[in-house]
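K.L.:
Start counting the sequence shown at 527; every next residue gets the next number (the working numbering).
For each residue, glycine too, the CB sits at the ideal point set by N, CA and C.
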Amino acid sequence: MTHTWPMGAVTHGDIALALADNDPSRMLEPTPEQRLVIEAPPVPSLVMAGAGSGKTQTMVQRIVWLVAAQGVHPTEILGLTFTRKAAGELRERVQLALARLRSEGLVGGDEFASPEVSTYNSFANRVFSENALLIGQEPDARIVDEMTAFALMRSVVLASDDTRLSSLDLQLGAITSLALGVARAMRDNQLSAAACESFVEEFRKVAELPGRGTANTPLKPVIDAVAILDELPIFVGLAERYQLEKRKRGLIEFSDQVTFAAEICSSTPAVVEELRARHRFVILDEYQDTSVGQTRLLGTIFGDHPVLAVGDPKQSIYGWRGASPGNMRRFHGDFRSRIVPPDEEPTFQLSISWRNDARILDSANQVASRLPEASDTGVTQLGTRPGAGEGRVSLAFPETLDDEAAAVATWMRERIVVDGDGDADGDARPPSGAVLLRARKLLPLFSAALTRAGVPNRVIGLGGLLSAPEVVDLRCAMRVAHDSTAGNELIRLLVGARFQFGLADVKAIHDVSRSLANRDVTMASLADEVRASKRELATGDDEVPLQEALDFLASRIASEERRTEPDTWLASLSPGARQRIPAVSELIAELRRNSGLPITSFVDATIALMGLDLEVTANPGNIARVGNLDAFAEAAAAFSSAEPDADLGAFLDWVEIAAGDDSLAPVQEQAEPGVVQLLSIHGSKGLEWDFVAVPRSVEGEMPSTSRDGLGWIRRGVIPYELLLDAHDRPELPWRDAETQKELAELMVDLKERIKERNDDEERRLAYVAYTRARHELLISGSYWSAIHKTARKVSVFVDELAAAGIINAPPENTLDDAPASLAADSVVWPHAPFSPERHERVSELAQAVAHARYTQAAPGGALARRIELLLRERAERSTVMSVELPARFAASKFKDLVTDPAEIAAQLRRPMPQKPFRQTRIGTMFHAWVEAHYAAPNAGGDLLGMAEIFGTEDSALSSLADASNADFAELERLQEAFLETPWPHRTPALVEQTIEFRLGDRTVVCKIDAVFEHEGRIEVVDWKTGRVPSGDSARWERQLQLALYTLAYSEHTGVPPERIDAVLVYVREGEEIRVPEVTGRAELERLMAEAEAALSAASPSA
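(1) Please look up how many angstroms separate the CB atoms of Ser877 and Leu908, rounded, as I've assumed it's under 8 Å.
(2) May I ask which residues mark the beginning and end of the beta strand (DSSP E) holding Val1320?
(3) Taking the straight line between their C-alpha atoms, what separation do you get for Ala1608 and Ala1295?
(4) Where does Arg935 fall in DSSP's three states?
(5) Residues in the same chain with beta-carbon distance under 8 Å from Val762, minus the five sequence neighbours each way, listed in chain order, please.
(6) Span of the alpha helix (DSSP H) holding Ile701?
(7) In whole angstroms, what is the alpha-carbon distance linking Thr1405 and Asp1139?
(8) Among residues of its own chain, excluding the 5 on either side of Leu592, which ones have a beta-carbon nearer than 7 Å to its beta-carbon?
(9) Check each candidate in Val818, Pro1337 and Pro736 and name the one with the smallest Cα separation from Lys1319.
(10) For Glu1182, which residues in the same chain have their Cβ closer than 7 Å to its Cβ, ignoring the five residues on either side in sequence?
(11) Consult DSSP for Gly837 and reduce its assignment to one of helix, strand or coil.
(12) What residues are listed by DSSP as bridge partners for Gly1209?
(13) Which word fits Thr1065, buried or exposed, when buried means at least 16 other C-beta atoms lie within 10 angstroms of its C-beta?
(14) Among the residues of its own chain, which have a CB less than 7 Å from the CB of Arg911, if the five just before and after it don't count?
(15) Measuring CA to CA, which of Ala1515, Pro1412, Ala1416 and Gln1519 is closest to Ala1454?
(16) Are three or more beta carbon pairs between the region 747–757 and the region 605–625 nearer than 8 Å?
(17) Check Leu717 in the structure and name its three-state DSSP category.
(18) From the DSSP secondary-structure annotation, give me the bridge partner or partners of Trp1549.
(19) Judging by CA-CA distance, which residue of Ala933, Cys1002, Ala1184 and Ala914 is the nearest neighbour of Leu991?
(20) Taking Ala753 as part of the alpha helix (DSSP H), name the residues at either end of that continuous run.
(21) Tell me whether Gln783 sits in a helix, a strand or coil according to DSSP, three-state version.
(22) Based on Cα-Cα distance, which residue from Ala1619, Asn882, Thr1507 and Val1424 lies nearest to Gly1596?
(23) Here's the rule: buried if 16 or more other CB atoms are within 10 angstroms of the residue's CB, otherwise exposed. What is Pro550?
(24) Among residues of its own chain, excluding the 5 on either side of Asp838, which ones have a beta-carbon nearer than 7 Å to its beta-carbon?
(25) Could you name each continuous alpha helix (DSSP H) segment of 4 residues or more that falls completely within the region 643–703, going from the start of the chain to the end?
(26) Are the beta-carbon atoms belonging to Val985 and Phe1158 less than 8 Å from one another?
(27) Which word fits Gly1209, buried or exposed, when buried means at least 16 other C-beta atoms lie within 10 angstroms of its C-beta?
(28) How do the region 1508–1516 and the region 1555–1563 stand: do at least 3 beta-carbon pairs fall below 8 Å, yes or no?
(29) Per DSSP, what kind of secondary structure is Ala1335 in: helix, strand or coil?
(30) For Pro571, count neighbouring C-beta atoms within 10 Å of its own C-beta (all shown protein chains included) and say buried if the count is 16 or more, exposed if not.
(31) Using only the alpha-carbon positions, how far apart do Pro1385 and Leu1397 sit?
(32) What separation, rounded to the nearest whole angstrom, lies between the Cα atoms of Glu1278 and Thr702?
(33) Would DSSP call Met1228 helix, strand or coil?
(34) Given that a residue counts as buried once 16 or more other Cβ atoms are within 10 Å of its Cβ, and exposed if not, what is Leu1029?
(35) Looking only at its chain, what residues have a beta carbon closer than 8 Å to the beta carbon of Gln820, apart from the 5 residues adjacent to it on each side?
(36) Do Val798 and Thr826 count as a contact pair if the criterion is CB distance below 8 Å?
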């Protein structure tokens, strides 16, 4: 059957003209494809929206059309998406569109009514919190973030008395991560411990199947599979304890919200009826990324309901994070309409790319053409927009990885770095660029190449930061201080630039550790039978920790002068090692002494003891200088704030997991004009840049080799058949096997199908990566690197693009062995930290210092003590002053930057976790309430909604848990004062909008409270909950932040600054301060330059 909407008095043309401010030349009427989506019937409908196809604009048009043409009340519409950033963007665009339609008289009724737009998690939280008591749960449970969840599971593992844990032979952090994954998988799939253990018990019987030959020899693949599945109950037990601990402490995770909300809706029809009546029309964004639990919840509530699900199966790249692989294909089954026959269920498409130029689309379509969903109903190739540019796709494929990085840097420099002030008009915005990598471990290498080429760049995300060399050294030093058995980390420090131990000396130290393990307290060798007994013990080690061996050798070296005969323990060490071992031993001892400090203080102490800040500052090739160390300190501060009771070990374990897990550090960045951003392909989804490079297009990297192996026959993985989406996953019919040989053959087949599945996921990643580029795309690779002994093969994606004529074929590899440059590197050890020229200069300086030390008499007595104190004071002050202004800073910090640059820079470099001041907490709560008021003004902004406002991803930052009754009383006074002003009765164009822009060579991050349109002008408003400032100086300082907001909004929208009014609203006193003329760009840049000059003048080196 078909559905025809009644002809409304308002047409698409009327809406388009109103949205264009009645300017026919700016009208953007919907395309035929968009019109079909906008007018989708009031039944479950699916939209296949390709990358860059304007889905957000189409969803906005769908909403305003429902309101303007079909008389749907705005509050009856629900929109859900994944991130707060996406929800905020959709909400603001809808509110702006409705405000314009109201101003033209096309929409009547309550002028403040607005659709509800939120994240999937926020919606599930609201359903849960409003009805938690129905299933015996507490509605005010505190939401935990990733850091807290990891720390809690780690404490559960540490407290466990399960003796089977030792048999896992895994580090604590690895056990914690696997157990957390099992706990969430069980929660998402409503699995009980009994169901998991029952499966394992049944699977164990395959070991009893006939083996090989007459001897009935068991087959290793089968025995290994049974052993792996036998470990699952260990993780299940930890998961069970973890859930109990959360319940005991009043904690809840996002996955819990979804599960509990689904339980409520399944058991209480009245709740479902109320939600369906409240939300007559529903839009689901990024539907391909929903988990099986989320689709189950949404299907329970909104099955056979006017739901419009928008997504792109070609961009389904988050299966590893819980997204269900077949949810788009299952949509009509999950939301089945009772009145529409299956063969008439509506599926629409948005197939015109409004982002990419033609050749870029060709490459994306080519790589996606072999995906299984390419033949699905409604899935078509992306087409070019009218007037699209030709675009360009290039290939760079030199011999070595270093050459590849240099080629990418050169390509970016030619496009991103603009000499002078831009074009002839002087107002061109610098282009944006990105380097997208499949593996984040290579981000520092490409960042260094960009730096050498003079290209401003920034690594995005925690994982890339953690692989920077100076941060790796910092992590190793902290681990060595915490764990005496951290041998790998200690070796990293030994062979690094500071100590430069050779491999022979490292082996000698290792030999000492083995020898010490076989001696008693008198240093006599253990008897053979004692050694044998020791090896049989579970805790029997063949060597003592390397740290212990170093300490032993340091003591031998210290007492060497008192011996008359050569010390055989030191015989294998080089003279250089004998000199350095005492220094290493003392450094480790000092690190240990400081390891009891708070985590952030220990980070600072370790950086100082290791001299890492001096090292990176002195390195002429490191443009980031202390930036990576600062970012690590910020991560430590964030962890300490989220989990103040966690110890150093918990932080280090979390860092190890975060280094390889994008989900712990989600990316929600904007493109920065004039800056190349480096990030993972997973983190790039939803973003776009003018120029994009996708390096390492070689087999094994892009596409990568599957790490899933046998799928669910892996540690810490729930068997597929127990999952709710088992029908979308490869099946292993193990119960049909009559012999172990048959089962082994079935497992080989399973592995091949999982590989095919992985290959498809890699294609989707390539599709996502290619479609991030607007104008030009560079695909690069190389045959050789120091990482691999053999040459890499050209990526299948490169071969396909070359065969299609989109790029030139790569040059063939003509070498049988690695190039001489790589071979030379492989035999030079240790690497020299300085070039010969710099080494000579540094040596001369060191000799001069040594000469001065030994030729000048040192004063003694009280005078010496006073001089020592003065020198120490100068050194401490120098440490604070010898900093640079941060490359990125919040607009709220600008006043302090220009009035006290040294203090604010020091704070930014070494942030310390602290509980917010009361006024800060109240201000945060008030701003969140105002944002909620404008998002749903018909709800009245009731104070009782505060728990719901903060019951989202930002709960850890809100400090609501610390709010007292006095805080809530003060907040209520602010709310009442706000409601007495004209502002709550106006409709903002933007609320809590984050905009970044370049000021000089730095990036300013502006979070604008609100923007209004009034009588043809723009008003940028900043809510203040404090007192009105007195004096011209104080008022001038307050307007600096608004000056930045004005400039940011102007550059973001193209509205001239002279059309923008800046307003400070002091809510408590009901007073407005309108700034007649804010400080302009030239003056702001001058103030910034003065701050930099002040730092330079105050530096001891100045």
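P.N.:
To lay it out plainly:
(1) Here residue 877 is taken as the residue at index 351 of the sequence shown, counted from 1. Here residue 908 is taken as the residue at index 382 of the sequence shown, counted from 1. That pair is a contact at about 6 Å.
(2) Your numbering for residue 1320 matches position 794 in the sequence shown. Looking at the DSSP string, Val1320 is not in any beta strand (DSSP E), and its letter there is neither H nor E.
(3) Position 1082 of the sequence shown, counted from the start, is the residue given in the question as residue 1608. Position 769 of the sequence shown, counted from the start, is the residue given in the question as residue 1295. Cα to Cα, the separation comes out at about 38 Å.
(4) The residue labelled residue 935 in the question sits at position 409 within the sequence shown. Looking at the sequence shown, residue 935 is not Arg but Ala. Helix, per DSSP.
(5) Indexing the sequence shown from 1 puts residue 762 at position 236. Hits under 8 Å: Val708, Met712, Ala719, Cys722 and Glu723.
(6) Within the sequence shown, the letter at position 175 stands for residue 701. Segment Leu698 to Asp714, the alpha helix (DSSP H) holding Ile701.
(7) Residue numbering aside, residue 1405 sits at position 879 when the sequence shown is read from its first letter. Residue numbering aside, residue 1139 sits at position 613 when the sequence shown is read from its first letter. The pLDDT assigned to Thr1405 is 49, lower than 50, so where the model puts this residue is not dependable; a value taken from the coordinates is nonetheless given after this. Computed Cα separation, rounded: 10 Å.
(8) Locating residue 592 in the sequence shown gives position 66, counting from the first residue. Val598, Ile603 and Phe807, listed in sequence order.
(9) Counting from one through the sequence shown, the residue named residue 1319 turns up at place 793. That would be Pro1337, whose Cα lies nearest to the Cα of Lys1319.
(10) Taking the sequence shown and counting its residues from 1, one reaches residue 1182 at position 656. Here the set comprises Gly699.
(11) Your numbering for residue 837 matches position 311 in the sequence shown. In this structure, Gly837 counts as strand in the three-state DSSP scheme.
(12) Working through the sequence shown from its first residue, we reach residue 1209 at position 683. Paired residues: none, contrary to the question.
(13) Taking the first residue of the sequence shown as 1, we reach residue 1065 at position 539. Caution applies to Thr1065, whose pLDDT of 48 falls short of 50 and renders its modelled position unreliable; the value that the coordinates give is listed next. Label assigned to Thr1065: exposed.
(14) In the sequence shown, the residue the question calls residue 911 occupies position 385. Excluding sequence positions up to five before and after Arg911, its CB lies within less than 7 Å of the CB of Ile878, Ser879 and Trp880, all in the same chain and listed in chain order.
(15) The residue labelled residue 1454 in the question sits at position 928 within the sequence shown. Nearest of Ala1515, Pro1412, Ala1416 and Gln1519 to Ala1454, Cα basis: Gln1519.
(16) Touching, no.
(17) For the purposes of this step, residue 717 is taken as the residue at position 191 of the sequence shown. In the structure shown, Leu717 sits in coil (DSSP, three-state: anything other than H, G, I, E or B).
(18) Within the sequence shown, numbered from 1, the residue matching residue 1549 stands at position 1023. DSSP, once it has assigned bridges, lists Val1591 as partnering Trp1549.
(19) As a working mapping, residue 991 is identified with position 465 in the sequence shown. It is Ala1184 whose Cα lies nearest to the Cα of Leu991.
(20) Locating residue 753 in the sequence shown gives position 227, counting from the first residue. Counting along the chain, the alpha helix (DSSP H) containing Ala753 begins and ends at Lys746 to Arg775.
(21) Residue 783 sits at position 257 when you count from the first residue of the sequence shown. In the structure shown, Gln783 sits in a helix (DSSP, three-state: H, G or I).
(22) Within the sequence shown, residue 1596 is the residue found at index 1070, counting from 1. For Gly1596, the nearest C-alpha among the options comes from Thr1507.
(23) Here residue 550 corresponds to residue number 24 of the sequence shown, with the count starting at 1. Counting Cβ neighbours within 10 Å, Pro550 comes out exposed, since fewer than 16 surround it.
(24) Counting from one through the sequence shown, the residue named residue 838 turns up at place 312. Once the five neighbours on either side are set aside, the close Cβ partners of Asp838 are Met574, Ala575, Gly576, Ala577 and Gln814.
(25) 646–657 and 672–685
(26) The residue given as residue 985 occupies position 459 in the sequence shown. The residue given as residue 1158 occupies position 632 in the sequence shown. Not in contact: Val985 and Phe1158 (Cβ atoms no closer than 8 Å).
(27) Residue 1209 sits at position 683 when you count from the first residue of the sequence shown. With 16 or more Cβ atoms within 10 Å of its Cβ, Gly1209 is classed as buried.
(28) No: the two stretches stay apart, fewer than three of their Cβ pairs being nearer than 8 Å.
(29) Working through the sequence shown from its first residue, we reach residue 1335 at position 809. Assignment of Ala1335 by DSSP, reduced to helix, strand and coil, places it in the coil class.
(30) Position 45 of the sequence shown holds residue 571. Strictly speaking, residue 571 in this sequence is Ser, with Pro absent from that position. It is buried - the Cβ of Ser571 has at least 16 other Cβ atoms within 10 Å.
(31) Working through the sequence shown from its first residue, we reach residue 1385 at position 859. Working through the sequence shown from its first residue, we reach residue 1397 at position 871. Low confidence applies to Pro1385: its pLDDT is 49, below 50, so where it sits in the model is not reliable, and the reading given next is rough at best. If you take the alpha carbons of Pro1385 and Leu1397, they lie about 14 Å apart.
(32) Locating residue 1278 in the sequence shown gives position 752, where the first residue counts as 1. Locating residue 702 in the sequence shown gives position 176, where the first residue counts as 1. If you take the alpha carbons of Glu1278 and Thr702, they lie about 30 Å apart.
(33) Counting from 1 along the sequence shown, the entry for residue 1228 is found at position 702. If DSSP states are grouped into helix, strand and coil, Met1228 belongs with coil.
(34) The residue labelled residue 1029 in the question sits at position 503 within the sequence shown. With fewer than 16 Cβ atoms within 10 Å of its Cβ, Leu1029 is classed as exposed.
(35) By 1-based counting over the sequence shown, the position of residue 820 is 294. Same-chain partners within the cutoff: Tyr646, Ala650 and Val784.
(36) Numbered from its first residue, the sequence shown carries residue 826 at position 300. Numbered from its first residue, the sequence shown carries residue 798 at position 272. Yes; because the gap between Cβ atoms is below 8 Å, this pair is in contact.
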